[in-house]
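Asker: Have a look at the structure that comes next, please.
In our numbering, the protein residues as written are 29 to 180.
Dropping the structure here:
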């Protein structure tokens, strides 16, 4: 799977504690599912919970959570796009042994194509988010300017 490897690399690079003590990071895939349809392609999607655990974590939780949220913005943006997913996509807990654990729901698309009589599976990243394009903010109704505000 692609996303656990990408997340591990991002956290090792961005969480100060992990830069000096990387063995404290554990990523565990919990039981998931494969979603496939009867479409002509055999393409499918993995849906799985991923548990991120930092052993004996006493630093500020924000030092882990902010890099995690930045990674999710690019690699699982649908979690932050709807109110329903926002409520259940990321769960965390401090365990009795001092570990800090984050459980998140991930999906990973696998495109299956046929080439020369063989099947080829390719894990693909999330599509890029649309770029923010500053625009003038004016509201016209029946060709009359009724409101105007600064571009954001």
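All residues carry an ideal CB built from backbone N, CA and C; glycine is no exception.
Note that this is a predicted model, so its numbers are computed, not measured.
Return the chain-ordered ranges of every beta strand (DSSP E) run that is complete within the stretch 67–126 and spans a minimum of 3 residues.
Answerer: Within the stretch 67–126, the complete beta strand (DSSP E) runs of at least 3 residues are 72–82 and 118–122.
Asker: Decide if the stretch 41–52 is in contact with the stretch 103–117; the criterion is three or more beta carbon pairs, one per stretch, under 8 Å apart.
Answerer: In short, these stretches do not touch, since the Cβ pair count stays below three.
Asker: Let's test the definition: count the other Cβ atoms within 10 Å of the Cβ of residue 156 and tell me whether it reaches 16, buried, or not, exposed.
Answerer: Exposed, since its Cβ has fewer than 16 Cβ neighbours within 10 Å.
Asker: For the stretch 79–89 against the stretch 128–135, are there 3 or more C-beta pairs whose distance is under 8 Å?
Answerer: Enough Cβ pairs lie closer than 8 Å, so yes.
Asker: Assuming contact is defined by CB atoms lying nearer than 8 Å, are residue 136 and residue 30 in contact in what I supplied?
Answerer: Yes, Cβ-Cβ distance for residue 136 and residue 30 is below 8 Å.
Asker: Taking the alpha-carbon positions, what's the residue 153 to residue 170 distance?
Answerer: Their Cα atoms are separated by approximately 43 Å.
Asker: Based on Cα-Cα distance, which residue from 72, 57, 86 and 67 lies nearest to residue 44?
Answerer: For residue 44, the nearest C-alpha among the options comes from 86.
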